[in-house]
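Scroll down for the structure; my scribbles are underneath it.
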Ligand code: PLP
């Protein structure tokens with residue numbers, strides 16, 4: 003019974019894994035493998051409808067948002083967002099550079115055209131975050147981009163208080179690592195996107211929610227597959243979509259709606275898990291350093307270290323003996339990281355907390 007705290011691929015709920023395993027052999031609805039289902043079949047069209055319906059229901063998504071399932075991951079969106087929205091009628095888009103992934107996003111935007119870094123956490127080693135609402139951003143900027151949860155550093159923004167107004171640039175958020183972990187006031191955003199490998203299902207599909215008013219800004223002449231209107235118009239079935247990933251995502255949304263009881267309930271579980279982990283780390287503060295400054299600690303990923311590589315490696319080994327895997331830090335930061343994505347149970351976090359306490363007390 004391995005407990006997976008990996009920061010990359012999130013563990014999936016056991017109920018979902020069992021259904022996915024059965025579906026690989028034979029889908030209950032069609033009698034054939036999900037891997038052999040046509041993306042034009044009535045079955046898949048109904049899965050696409052259900053996936054959209056479930057996400058809309060979970061988020062209470064206003065009708066003015068289009069929803070599409072894309073491929074190419076969040077990294078492709080780092081390039082296509084400026085291609086679609088940083089048009090000549092606006093000042094350059096602004097980026098909050100608060101860690102590894104948001105810096106990748108702004109670097110990519112810079113390859114597409116001019117962009118401005120509105121705030122950077124580089125000087126302080128990416129361990130704190132700015133107040134989004136207080137940033138000095140050009141009123142006519144194409145948009146303001148940020149990453150709601152910095153997966154590598156373990157930093158998470160509080161939700162911005164701003165309302166959508168004509169004189170503030172639309173907010174675009176990469177929510178890859180905290181999407182569907184809690185409710186979100188979508189109406190404050192121009193666009194939200196999230197790749198599927200954390201809370202949503204297996205890699206291969208990326209969910210985008212876009213205010214339809216923004217779609218009107220897209221310039222003509224982009225390659226069709228890079229123009230956000232293409233998949234919106236073709237209901238995410240313009241070319242072959244990742245059928246299996248979208249199917250498993252649908253199972254995950256059913257689990258969230260029916261087994262968990264929605265995003266308020268999911269948030270309560272996630273808060274309890276994070277409290278358990280950070281309380282444990284704080285009790286060991288003689289021997290453990292948490293990377294994120296306290297107000298910005300992420301409920302999804304905790305990055306921390308026992309102080310040097312040798313000790314961190316020894317903890318990875320000690321954790322493995324309890325069946326805990328995936329606690330290595332991201333290659334860019336080193337150290338340790340425990341990720342508490344939706345499918346990680348409070349029991350699993352208890353086991354991790356015991357392992358940390360035992361290891362930490364031996365070093366204190
Ligand atoms: N944004 C965030 C916040 C991430 O955590 C990741 C990957 O972990 C990415 C973007 C990159 O996503 P992809 O690998 O789908 O391009």
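Residue numbers (full-length UniProt numbering): 3 to 366. Where is the CB? At the ideal position from N, CA and C, for every residue including glycine. Just so you know, these numbers come straight off a predicted model, no measurement behind them.
Quiz item: Looking at C-alpha atoms only, which residue of 304, 308 and 76 is the closest neighbour of residue 129?
Solution: 304
Quiz item: So residue 345 and residue 14 are in contact, right, with Cβ under 8 Å, and what is the actual spacing, rounded?
Solution: 5 Å
Exercise. From the DSSP output, read off the bridge partner residues of residue 348.
Key: In DSSP, residue 348 forms no bridge with anything.
Quiz item: Where does residue 55 sit, in a helix, a strand or coil, going by DSSP?
Solution: helix
Practice problem: Have a look at 74, 89 and 138 and flag the residue whose alpha-carbon is nearest the alpha-carbon of residue 97. | Solution: 138
Self-check item: Three-state secondary structure assigned by DSSP to residue 293
Solution: coil
Exercise. Would you kindly check if the distance between the Cβ of residue 361 and the Cβ of residue 338 is under 7 Å?
Key: no
Self-check item: Close-in-space but distant-in-sequence residues of the same chain around residue 268 (CB under 8 Å, 5 per side omitted)
Solution: 182, 183, 184, 258, 262 and 344
Quiz item: Does at least one heavy atom of the ligand PLP sit under 6 Å from the Cβ of residue 328?
Solution: no
Quiz item: In or out: residue 363 buried (at least 16 other Cβ within 10 Å) or exposed?
Solution: exposed
Practice problem: Pull up the DSSP beta-bridge partners for residue 158, would you. | Solution: 151
Practice problem: Determine contact between the segment 72-84 and the segment 206-222, defined as no fewer than three beta-carbon pairs at a distance below 8 Å. | Solution: yes
Quiz prompt | Neighbour-count burial assignment, residue 110, 16 or more Cβ in a 10 Å radius | solution = buried
Exercise. Measure how close the beta-carbons of residue 63 and residue 188 come, nearest whole angstrom, since I'm counting them as under 8 Å.
Key: 6 Å
Exercise. Taking only runs that begin and end inside the segment 56-136, name each unbroken alpha helix (DSSP H) of 4 or more residues, in chain order.
Key: 75-87 and 102-114
Quiz prompt | Rounded straight-line distance, which links the Cα of residue 330 to that of residue 324 | solution = 15 Å
Quiz item: Which one of 118, 157, 144 and 142 has the shortest CA to CA distance from residue 133?
Solution: 157
Exercise. Would you mind listing the alpha helix (DSSP H) stretches within the segment 203-270 that are 4+ residues and don't spill past its ends, in chain order?
Key: 214-217, 230-235 and 245-256
Exercise. Determine the extent of the alpha helix (DSSP H) in which residue 24 is found, giving its start and end residues.
Key: 16-27
Exercise. Take every Cβ of the segment 280-292, pair it with every Cβ of the segment 243-252, and state whether three or more of those distances are shorter than 8 Å.
Key: no
Quiz item: What does residue 341 pair with, by DSSP beta-bridge criteria?
Solution: 303
Quiz item: Can we say the segment 33-50 touches the segment 230-245, given the rule of at least three CB pairs closer than 8 Å?
Solution: yes
Quiz prompt | Proximity test, residue 82 beta-carbon vs the ligand PLP heavy atom, cut-off 6 Å | solution = no
Quiz item: Could you give the C-beta distance for residue 7 and residue 341, rounded to a whole number, given that I count them as a contact under 8 Å?
Solution: 5 Å
Quiz prompt | residue 75: CB within 6 Å of a non-hydrogen atom of the ligand PLP | solution = yes
Practice problem: For residue 266, I'd like the list of residues in its chain whose CB is within less than 7 Å of its CB, leaving aside the five on either flank, ordered along the chain. | Solution: 185
Quiz item: Do you know how far the Cα of residue 19 is from the Cα of residue 1?
Solution: No answer is possible for residue 1: the residues shown for the chain start at 3 and end at 366.
Quiz item: Expressed to the nearest angstrom, what Euclidean distance is found between the alpha-carbon atoms of residue 160 and residue 34?
Solution: 45 Å
Exercise. Kindly list the residues whose CB is nearer than 7 Å to the CB of residue 276, restricted to its own chain and excluding five residues on each side of it in sequence; keep chain order.
Key: 301 and 342
Quiz item: Could you check where the alpha helix (DSSP H) with residue 316 kicks off and where it finishes?
Solution: 311-323
Practice problem: With residue 286 as the anchor, note down where its beta strand (DSSP E) starts and where it stops. | Solution: Taken as a continuous stretch (DSSP letters only), residue 286 belongs to no beta strand (DSSP E), as it is neither H nor E.
Quiz item: Considering only the beta carbon of each residue, do residue 198 and residue 177 sit closer than 7 Å?
Solution: no
Quiz item: Could you check where the beta strand (DSSP E) with residue 175 kicks off and where it finishes?
Solution: 173-176
Quiz item: Between residue 193 and residue 213, which are expected to be in contact by the criterion C-beta below 8 Å, what is the C-beta distance as a whole number of angstroms?
Solution: 7 Å
Quiz item: Which one of 358, 365 and 251 has the shortest CA to CA distance from residue 57?
Solution: 251
Quiz prompt | Alpha carbon of residue 86 to alpha carbon of residue 219, nearest angstrom | solution = 8 Å
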